[in-house]
Structures are given as structure tokens and as C-alpha cells.
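Numbering (my numbering), first residue to last: 12 to 149.
1) Have a look at residue 65 and residue 38 and give me their C-alpha separation to the nearest angstrom.
2) Specify the secondary structure class of residue 76 as computed by DSSP and reduced to three states.
3) Check residue 52 in the structure and name its three-state DSSP category.
4) Under a three-way DSSP split, which group does residue 83 fall into?
5) In this structure, does DSSP put residue 46 in helix, strand or coil?
6) Just the Cα atoms here: how many angstroms apart are residue 25 and residue 68?
7) How many angstroms separate the CA atom of residue 75 from the CA atom of residue 35?
8) Compare the beta carbon distance of residue 79 and residue 32 with 8 Å and say whether it is the shorter of the two.
9) Suppose you measure from the CA of residue 98 to the CA of residue 17; what does that come to, to the nearest Å?
10) Just mark residue 92 as buried or exposed, buried being the case when its beta carbon has 16 or more other beta carbons within 10 Å.
11) Which residue comes first and which comes last in the alpha helix (DSSP H) that contains residue 93?
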């Protein structure tokens, strides 16, 4: 899990940068520029800027969100990974946080399954009292 966090850290940092950029642009659109047209279309404008910056980070910095999630030895198409990474980064920190939350749930589920299997295995083991054992006679 620690290796996965390290692998996703650059995408998280990029998402944070996108989120901060949007906060700055939002304050300019509403406060400084104040154009009624910009204010009306603020949300789609910011979403488009966010996605464009997400693509710039994903392909420019060669960030990858899908590849670290795959089992060792498996690969994903560069363009598919880049596109998914762009969308995740464009969501700001929320995108990576959603992935980390999902991975946390998956880890807890694995622990629960392992505990259940251990309980089942413990019930299958027959305990033998060494004093009751009889040796075969020749």
C-alpha cells in the first residue's frame, strides 16, 4: 500500500495544483472581471480549464493513475491511462481521495475475508490430546 501511495503522490500533487488554480480563477471571474457572461458560464469554463490542465499534467508529466493499480507485469494502453489520469487530476484532490478511499475499502475487505478463512480453518483442525494417542503394536 505504501508503494501505491508513493506512485499516486505526483497525481495527487497535480490534482491539488488544479484545485488551487480553479480557486484563483473563480475569484477572478466573480470578483475582478465580474462579466455577467463569465459569471453565467463560470462552471463550464472552469471545468474545461480543469480538464485541459489535467491533460497537460497527465501527458506532459507522464503521470499515471491506472498503471500503479494493476498487478505486477500487467500494462495499460498509454492513451487510456493518460486520459483517465487527466480526468482524475482534473477533479482536484477529490479524484485521488476517491481512489485512496476505494483502496482502503478493498484492503479492509481483504482483511475480513482472511479473518473469516482463518476462523473456518481453525474450526477444521481437530485437536488431539497426546495422552490419548495409542501407538500401533508390532
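All C-beta atoms, glycine included, are put in the ideal place defined by N, C-alpha and C.
Everything numeric in this text was worked out from a predicted model, so none of it was measured.
So, from the data block:
1) In the chain shown, residue 65 corresponds to position 54, counting from 1. In the chain shown, residue 38 corresponds to position 27, counting from 1. Taking the straight line from one Cα to the other gives about 20 Å.
2) Your numbering for residue 76 matches position 65 in the chain shown. Coil at residue 76, not helix or strand.
3) Working through the chain shown from its first residue, we reach residue 52 at position 41. Three-state DSSP puts residue 52 in coil, outside helix and strand.
4) By 1-based counting over the chain shown, the position of residue 83 is 72. Looking at residue 83 - three-state DSSP - the assignment turns out to be coil, as it is neither helix nor strand.
5) Counting from 1 along the chain shown, the entry for residue 46 is found at position 35. In the structure shown, residue 46 sits in coil (DSSP, three-state: anything other than H, G, I, E or B).
6) Taking the first residue of the chain shown as position 1, residue 25 is located at position 14. Taking the first residue of the chain shown as position 1, residue 68 is located at position 57. Answer to the nearest angstrom: the Cα atoms are 7 Å apart.
7) As a first step, residue 75 must be located in the chain shown, where it is residue number 64. As a first step, residue 35 must be located in the chain shown, where it is residue number 24. Approximately 26 Å between the Cα atoms of the pair.
8) Here residue 79 is taken as the residue at index 68 of the chain shown, counted from 1. Here residue 32 is taken as the residue at index 21 of the chain shown, counted from 1. It is not a contact, given that the beta carbons lie outside the stated cut-off.
9) Numbered from its first residue, the chain shown carries residue 98 at position 87. Numbered from its first residue, the chain shown carries residue 17 at position 6. Spanning the two alpha carbons is a distance of roughly 20 Å.
10) Locating residue 92 in the chain shown gives position 81, counting from the first residue. So residue 92 counts as buried.
11) Taking the first residue of the chain shown as 1, we reach residue 93 at position 82. 89 to 101 is the extent of the alpha helix (DSSP H) around residue 93.
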